[in-house]
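Engineer: This is the structure I want to talk about, given as C-alpha cells.
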C-alpha cells in the first residue's frame, strides 16, 4: 500500500480551487476518516502564472496533462474543468491508464456516462460523480446505495438553482422574466449568457444522469424533452396562484414496465406538494420507489464548498475501498432495456392561456376544437384585457389529456380568426403522495 | 465464496414480515444488484404456529435462537424484534460469533451502539442500522459516507411521525391534545400507550444515534434533554401563528469546539424554515456541515415497507462488501472527546404563556423578575381571559437568554401572588439559513 493516496487534479477554477482548499484544510480529518492520507500531487492548469487566492505558491501546477495522466504515482484523478472537451478525453485516458476518476462534470456524464462507466468496470477502476447533480446534496450515493433495494419509478426534481431563484422572485415579487434574470445575474446566480440555465439544458444533463441510475438504463441528455422558462409571464403566475399552484421548472423522469419518459419544463405544482415549498437557489430531488414510497433530498445545488463536499465524499469512498482491499466498488449497471418515450406520449393536465376577440361565440369555437380532440376542460376563466372590451384573456385547465392531442388542438386554436395568440401552455403535475 | 449469502432473521412482526416479503419478492433483483443471491435460511419467532399473511408455510421458522446464532452457515443476522431484551443479547452474540448484523433497533443503538460498533470492529464484522432512524429515509448512509468530508455542527430533525401528525392537526384543525391523540390512535399512528412518542422517548433514541455519528462521539439517550408535547394547548398554536411560527417537536443536537447539547422538545419554528413545512406523519432530518452548509432528507419515517427499504440497503451494502473482497466496511469512529452539556447551558429565545390577575402593576411585577435575571423581552401580549375581566393571559417572547435564568425567572414568577399559572414555556428556534 502506498503511504498516501496520490491525487491529480484537473482544473483550478471555482470547483478545483474549492477542492484543493478543502483537502488542504482538513488533511488530518480526511486521513483519519479514510485510514490513510490523501494528497494532491499535481494540478493541471492552463496558465500557471495566474494569481490564485488560497492556493500556495509551491502548489505543484503543470500545463502538461501527461504529468497526471501518464504519471504512475497518481492513483486518483479529479476532473474539475467542466465542459465536454478536453475533459472527456482526459477522463477516458485516466480510466484507460488504470486510475480512479472523480468528476463533477454533468455534461460528460449525461453524454458519455454509460461508456465511461463500462470502461471503468473493464479497467478495474472506480468512476464516481456525486458532484455532477445537486451540488452538495447527497443524491447519487442514496440512489445507488441507500435505495438500492427499490425499484425506482419516478424522479421529480428541482435541479437548477438559477431558474428556481428566478421563478421564486417572479411568484413572490411579481417580477417579469427580464427583471428576474437581471437580478439573478447581479447576484451571480445567472451567467451573462443564461441559456444553459433558462432553456433547461443544465437540468436536462442532470436529469439524464439521475434517470439512467434510477432506472438502470441509458438515458442521454438528447433523450430528455426540454422547454425553458423564457415564455412565462407575470399573468401566468397570477393564474397559477388563483388556481392553487406554484410554477416550478421540474425535471421529471418516469418509467413504465418497458419505457422511460424524461422531460424538463415548467409545471404547475399544487402548493402543498413538497417540491412547491422549495424556494430560492436551492435544489431538491424527490424519488419514488416501491419500498420507500418517496424520499426527498434538499440543499444547496451549487457553490464551491458544497461541490467540494460531494467530491470529497467520493474521495473518501474511493480511499476506503482502496484501503479496505476491495477489488472496486461496483459500477452501476445500466442494462435494463427500456424504450425512450417522446413527450407526445405524455398524459397529464394542462394550463392554457390565450388571447382572443371578446365576442359571443369565441369561447364556443375554442372549446369545440378541444372537445373534438378529446381534451376535456376542467376550468375556464375569461377576463377582458383592454378597456374597449375588444380582447379577452381565456385561461383553460384541462383534465388528463394526451400531449399530442393538446398540441394539435392548440395549432387549430391559434389558426382561428378570433384568436390572437396562444400565450402559454404549462403542464400541470397534481399528483401528490 | 458461498453460493449465496445466508441470512438469519430475528423476529417476524411488522418489520420482520416486511423484510421477509421484500427479500422474497425481489430475490432476482437483489442477486443482480449484490452480485450473488441472498436467502433467509432461518427465522426466529416466539410462536411458530401463528398464522402469518404473506409468509409461506415452508418458511424455516424456529423458536431456538441458537439455530441462528450458533449456525456456522449463517453469515448475516437481521434483528427485527424491537425492544432492548433479548434483542441486545442476540446482537452481541451474533457479533461475537463473527456474523454481520443489521438492526432496526433504535433503543439498542442509542443505549449500546458504541460498544456494539467496537465489538463489530474487533470481530471483523459489519454492524449496520440504517432503519433505526427515519424509517426509509436514507440518513445514516449520507451521514457516514456522502457527508463524510464535512464537520457536522448541527442536526435538526423531525424524527417522530406520530407527534408531527398530532401537531399538524392541532395547528391546522385547532384540535386539542386529547382529540389529536385519539385521531392518531384511530389511524394507527399512535400506540394505545402513546408515552414513547408524545414524551419524546422515541425521538431521543434516534437523536442519540444521529448525534453520535454526526459528531463522532458517544451520545446516549440518557444524555438527551427531553420534553414532550402533552402540555401544549390550542392557545399556544394560536399565539404561534400570530407570532409567525409553527410548533414542531424537534430533535436538535449542536456541537461546539468541545461539547455537545442534544435535546428533544417542542419549538416555535419560523414558518419559512424548511422543517416548518414538513407536515403529517413524515420525518425530515436537516444536517449542517462546514462544506455542504446544509442538507435535508425527508420521507416516510415508519412503516413496514420503508423500513424494509432501509434494511435491504444494508443487506446490499454488506453483500457487496463481502463479494467485493473488502475486509469490512469501516465502523464509524466515535472517538471525539466532547463534553455533554445540559439544557441549563442552552441560550435561545423563549415563548412564555401565563395567567395572572388582570390588574395594574402585575405586568410590571412579571417583567421586573425577568429583567432582574437578564431575560430581555422581545414582545408582550396581554389579553383578558374571562368576562369579569379578573384574569388575563400574558404571552411573552424573549430575546436570547440562558435557559437557567429563564427557569429561575419562571419559578419566581409562579410564586407571585398575582400569577395563577405558568401555562407554557416553548423554546424558539429562529435561525434560518
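Residue numbers (the numbering used here), protein chains in the order written: chain A, 1 to 433; chain B, 434 to 866. Cβ atoms here follow ideal geometry from the backbone N, Cα and C, with glycine treated the same way. Keep in mind the model is a prediction, meaning the values are calculated, not measured.
Under 7 Å between beta-carbons, which chain A residues line up against residue 710/B? List them in chain order, please.
Structural biologist: Result: 277.
Engineer: Here's the rule I'm using: 16 or more other beta-carbon atoms within 10 Å means buried, otherwise exposed. How should residue 307/A be labelled?
Structural biologist: Buried: at least 16 other Cβ atoms inside 10 Å.
Engineer: Identify the contact partners of residue 466/B in chain A, using a Cβ-Cβ distance below 7 Å as the criterion.
Structural biologist: Simply 148.
Engineer: Whole angstroms are fine: how far does the CA of residue 555/B sit from the CA of residue 805/B?
Structural biologist: Cα to Cα, the separation comes out at about 56 Å.
Engineer: What residues are listed by DSSP as bridge partners for residue 296/A?
Structural biologist: In DSSP, residue 296/A forms a bridge with 286/A, 731/B.
Engineer: Residue 428/A by DSSP, collapsed to three states: which one?
Structural biologist: In this structure, residue 428/A counts as strand in the three-state DSSP scheme.
Engineer: How many whole angstroms separate the CB atoms of residue 731/B and residue 570/B, which I take to be in contact at a CB cut-off of 8 Å?
Structural biologist: Their Cβ separation, rounded to whole angstroms, is 7 Å, which keeps residue 731/B and residue 570/B in contact under 8 Å.
Engineer: Apply the 10 Å Cβ neighbour rule to residue 273/A and answer buried if 16 or more other Cβ atoms are within range, or exposed otherwise.
Structural biologist: By the neighbour-count rule (16 or more Cβ atoms within 10 Å), residue 273/A is buried.
Engineer: Sort out for me which residues DSSP pairs residue 815/B with in a bridge.
Structural biologist: Per DSSP, 827/B.
Engineer: Is the Cβ-Cβ distance between residue 434/A and residue 201/A less than 8 Å?
Structural biologist: Because chain A in this structure spans residues 1 to 433, residue 434/A falls outside the shown range and cannot be described.
Engineer: Name, in chain order, the residues that DSSP records as bridge partners for residue 443/B.
Structural biologist: According to DSSP, residue 443/B bridges with 477/B, 512/B.
Engineer: Distance check for residue 748/B and residue 738/B, CA to CA, integer angstroms please.
Structural biologist: Looking at the two C-alpha atoms, the distance is approximately 15 Å.
Engineer: What number of angstroms, rounded off, separates the C-alpha of residue 532/B from the C-alpha of residue 755/B?
Structural biologist: Taking the straight line from one Cα to the other gives about 12 Å.
Engineer: Closer than 9 Å between beta carbons: that is the criterion. Which residues of the segment 837-859 of chain B meet it against chain A?
Structural biologist: Residues: none.
Engineer: Pair every Cβ in the segment 832-848 of chain B with every Cβ in the segment 679-688 of chain B, then say whether three or more of these pairs are closer than 8 Å.
Structural biologist: With a cut-off of 8 Å, the segment 679-688 of chain B and the segment 832-848 of chain B do not count as touching, because too few Cβ pairs lie within range.
Engineer: If we ignore side chains and look at the alpha-carbon of each, how far apart do residue 39/A and residue 278/A end up?
Structural biologist: Looking at the two C-alpha atoms, the distance is approximately 37 Å.
Engineer: Could you tell me which chain A residues have their CB closer than 7 Å to the CB of residue 729/B, listed as they occur along the chain?
Structural biologist: Ordered by position in chain A, the residues that pass the 7 Å Cβ test against residue 729/B are 298, 299.
Engineer: Just reading off the alpha helix (DSSP H) that residue 172/A is part of, what are its end residues?
Structural biologist: 161-172 is the span of the alpha helix (DSSP H), which, as asked, contains residue 172/A.
Engineer: DSSP on residue 779/B, reduced to helix/strand/coil?
Structural biologist: Coil, per DSSP.
Engineer: Identify the contact partners of residue 863/B in chain A, using a Cβ-Cβ distance below 9 Å as the criterion.
Structural biologist: The contacting residues do not exist; residue 863/B stays about 18 Å from chain A at best.
Engineer: How big is the Cα-Cα spacing for residue 296/A and residue 386/A?
Structural biologist: Those two C-alpha atoms are separated by around 45 Å.
Engineer: Going by DSSP, what residues sit across from residue 225/A in a beta bridge?
Structural biologist: According to DSSP, residue 225/A bridges with 263/A.
Engineer: Taking the beta carbon of residue 521/B as the centre, do at least 16 other beta carbons fall within 10 Å, making it buried, or is it exposed?
Structural biologist: Label assigned to residue 521/B: buried.
Engineer: To the nearest angstrom, how far is it from the Cα of residue 50/A to the Cα of residue 20/A?
Structural biologist: Rounded to the nearest angstrom, the two C-alpha atoms are 16 Å apart.
Engineer: Which of the three DSSP states, helix, strand or coil, is assigned to residue 423/A?
Structural biologist: Residue 423/A: strand per DSSP, three-state reduction.
Engineer: Please report the residue range of the alpha helix (DSSP H) in which residue 550/B lies.
Structural biologist: Here the alpha helix (DSSP H) through residue 550/B covers 539-555.
Engineer: Does the distance from the CB of residue 440/B to the CB of residue 507/B come in under 8 Å?
Structural biologist: A contact, by the Cβ cut-off of 8 Å.
Engineer: Can the beta-carbon of residue 303/A be found less than 8 Å from the beta-carbon of residue 165/A?
Structural biologist: For residue 303/A and residue 165/A, no; Cβs fall outside 8 Å.
Engineer: In chain order, what residues of the same chain have a beta carbon less than 6 Å from the beta carbon of residue 310/A, not counting five sequence neighbours either side?
Structural biologist: Same-chain partners within the cutoff: 130, 131, 136.
Engineer: Considering residue 189/A, what are the terminal residues of the beta strand (DSSP E) in which it resides?
Structural biologist: Careful: residue 189/A lies outside any beta strand (DSSP E) and carries neither H nor E.
Engineer: In whole angstroms, give me the CA-to-CA distance for residue 792/B and residue 823/B.
Structural biologist: Cα-Cα distance, rounded: 7 Å.
Engineer: In chain order, what residues of the same chain lie with their CB nearer than 6 Å to the CB of residue 301/A, ignoring the 5 residues before and after it?
Structural biologist: So the qualifying residues of the chain are 134, 135, 161, 283.
Engineer: Taking 8 Å as the threshold, find out whether the segment 415-424 of chain A comes into contact with the segment 345-360 of chain A through three or more Cβ pairs.
Structural biologist: Yes, the segment 415-424 of chain A touches the segment 345-360 of chain A.
Engineer: State the beta-bridge partners of residue 218/A as determined by DSSP.
Structural biologist: Per DSSP, none; premise fails for residue 218/A.
Engineer: Strictly under 8 Å for the Cβ-Cβ distance: is residue 818/B near chain A by that measure?
Structural biologist: False, the Cβ-Cβ gap to chain A never drops below 8 Å.
Engineer: How close, in whole Å, do the beta carbons of residue 548/B and residue 650/B come, if the pair is a contact with beta carbons under 8 Å?
Structural biologist: In fact, because the Cβ distance is near 14 Å, the residues do not count as touching under 8 Å.
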